[in-house]
Amino acid sequence: QSQAETGEIKGHYLNATAGTCEEMLKRAVFARELGAPIVMHDYLTGGFTANTSL
């Protein structure tokens with residue numbers, strides 16, 4: 001409805017950041033199953049290893 005009113009493209013992006021790399025991967029897979037076009041990840045919180053794993 002808001003897209004129709006404003007003409008702007010709206011989106012919702014799932015944040016996969018979690019306490020462990022395994023949980024982040026689990027969340028990213030779930031987002032893919034939902035059809036999410038973009039999965040966010042906080043690089044500073046998750047760290048380099050989690051970023052490269054995703």
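full-length UniProt numbering applies: residue 1 is where the sequence shown begins, and numbers increase by one.
Ideal placement from N, C-alpha and C gives every residue a C-beta, glycine not left out.
Buried or exposed (CB count within 10 angstroms, at least 16 for buried), residue i
i   : result
A16 : buried
A50 : buried
A28 : buried
Chain-order list of residues whose beta-carbon lies under 8 Å from that of residue i (same chain, five-residue window excluded)
i   : result
G11 : P37 and I38
Endpoints, alpha helix (DSSP H) assigned at residue i
i   : result
E22 : C21 to L34
Alpha carbon of residue i to alpha carbon of residue j, nearest angstrom
i   : j   : result
G19 : Y43 : 12 Å
E23 : F30 : 11 Å
G46 : G7  : 35 Å
F48 : R32 : 22 Å
Nearest-angstrom Cβ-Cβ length linking residue i and residue j, presumed shorter than 8 Å
i   : j  : result
L25 : S2 : At roughly 32 Å, the Cβ-Cβ gap does not stay under 8 Å, so L25 and S2 are not in contact.
6 Å CB neighbourhood of residue i in its chain, flanking five on each side removed
i   : result
Y13 : I38 and M40
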